[in-house]
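Let me begin by presenting the structure, written as structure tokens, before commenting on it.
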Amino acid sequence: DAKTTQPPSMDCAEGRAANLPCNHSTISGNEYVYWYRQIHSQGPQYIIHGLKNNETNEMASLIITEDRKSSTLILPHATLRDTAVYYCIVRVFSEAQKLVFGQGTRLTINP
Amino acid sequence: GAVVSQHPSRVICKSGTSVKIECRSLDFQATTMFWYRQFPKKSLMLMATSNEGSKATYEQGVEKDKFLINHASLTLSTLTVTSAHPEDSSFYICSARDSRTGYEKLFFGSGTQLSVL
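Protein chains in written order, with this note's numbering: chain A, 11 to 121; chain B, 1256 to 1372.
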């Protein structure tokens, strides 16, 4: 898996948009960008993934730069329950491909 | 979405005993499951890939005789920590892929907090 770089921590006010950046400058053409989050003492939760187009689902939006060397996860209206560690991972889209976690960003939503 | 059940959620044991952790895919079949461990305030570390009907594949540095993995059915994988010692105390998490959604998503169990006294 290509390496990713994320800020170790971020703060965001409740109700505001949380924008979490991720750098993946060595990403290969067949590698997808995945985002997971882990709330304290729980297993990670899938958020979203994409290849090169921007993606949106009920949880978040994913913005990938045209050169695919970086991406941003956007939580449009952050709530206190969004406080978690967010992991950006790049991986090939195949059955056997394991998910390797980096250090992630610890996002704290403040009231 | 797909549900992965992990049991027990918490276990305390004496040093030298063995502990078994179960990981079940409740509403889907999983030919491949993954086992992770996590120390406090650290990221998840992949330990091994569990393959149904065959031997598990261990990551470098993980002792296969220490961490026994059995994937006897398409819905169940077990991790046994043999002769546990205090340094084995950790948060263990399993994950599985729902083949119905292709190779897209990995679903995780809620984790098992192991404390070895």
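Note that the Cβ used here is the ideal one computed from N, Cα and C, for glycine as well.
Beta-carbon gap between residue i and residue j smaller than 8 Å
i, j, result
"Tyr97 of chain A", "Tyr56 of chain A", "no"
"Ala94 of chain A", "Arg26 of chain A", "no"
"Asn33 of chain A", "Ser71 of chain A", "no"
"Gly99 of chain A", "Tyr44 of chain A", "Checking the sequence shown, residue 99 of chain A turns out to be Ile, not Gly. Result yes, Cβ atoms of Ile99 of chain A and Tyr44 of chain A sit closer than 8 Å."
"Ser1298 of chain B", "Ala1351 of chain B", "no"
"Leu1369 of chain B", "Val1266 of chain B", "yes"
"Ser1365 of chain B", "Ser1264 of chain B", "yes"
"Val102 of chain A", "Asn40 of chain A", "yes"
"Ala1303 of chain B", "Phe1283 of chain B", "no"
"Met1288 of chain B", "Cys1349 of chain B", "yes"
"Pro1341 of chain B", "Ser1270 of chain B", "yes"
"Thr1367 of chain B", "Gln1261 of chain B", "yes"
Interface residues of chain A facing residue i [CB-CB closer than 8 Å]
i, result
"Ser1365 of chain B", "Gln52, Gly53"
Proximity test, Cβ basis, 8 Å: residue i and chain A
i, result
"Ser1344 of chain B", "no"
Proximal chain B residues relative to residue i, where beta-carbon distance stays under 7 Å
i, result
"Asn113 of chain A", "Residue 113 of chain A is actually Gln in this sequence, not Asn. The answer, in chain order, is Ser1298."
Below-8 Å beta-carbon distance, residue i vs any chain B residue
i, result
"Val43 of chain A", "no"
Residues that residue i contacts on chain B, provided the C-beta gap is smaller than 8 Å
i, result
"Lys108 of chain A", "Phe1289, Leu1301, Thr1304"
Best match in the options for proximity to residue i [C-alpha to C-alpha]
i, options, result
"Cys1278 of chain B", "B:Tyr1347, B:Leu1369, B:Ser1354", "B:Tyr1347"
"Pro10 of chain A", "A:Ala28, A:Phe111, A:Thr118, A:Pro121", "Shown here, chain A extends from 11 to 121; a query on residue 10 of chain A therefore has no answer."
"Arg91 of chain A", "A:His59, A:Thr36, A:Leu117", "A:Leu117"
"Ser1328 of chain B", "B:Val1274, B:Ser1305, B:Tyr1291, B:Pro1263", "B:Ser1305"
"Thr1286 of chain B", "B:His1340, B:Ser1344, B:Ala1311, B:Gln1315", "B:Ala1311"
"Ile119 of chain A", "A:Thr14, A:Leu30, A:Lys13, A:Thr15", "A:Leu30"
"Arg1292 of chain B", "B:Gly1308, B:Asp1343, B:Val1371", "B:Asp1343"
"Trp1290 of chain B", "B:Thr1333, B:Gly1316, B:Ser1273", "B:Thr1333"
"Asp1320 of chain B", "B:Ser1338, B:Thr1330, B:Gly1308", "B:Ser1338"
"Ile58 of chain A", "A:Thr82, A:Thr14, A:Ser38", "A:Thr82"
"Thr1335 of chain B", "B:Thr1367, B:Ile1276, B:Lys1269", "B:Ile1276"
"Lys108 of chain A", "B:Ser1260, B:Asn1325, B:Glu1314, B:Phe1294", "B:Glu1314"
Closer than 7 Å at the beta carbon, the chain A residues around residue i
i, result
"Ile1348 of chain B", "Gly53"
What residue ranges within the segment 1262 to 1329 of chain B form continuous alpha helix (DSSP H) runs of no fewer than 4 residues, ordered along the chain? none
Complete beta strand (DSSP E) runs within the segment 32 to 75 of chain A (minimum length 3 residues, chain order): 41 to 48, 55 to 60, 71 to 74
3 or more residues per run - each beta strand (DSSP E) lying fully within the segment 1336 to 1365 of chain B: 1345 to 1352, 1361 to 1363
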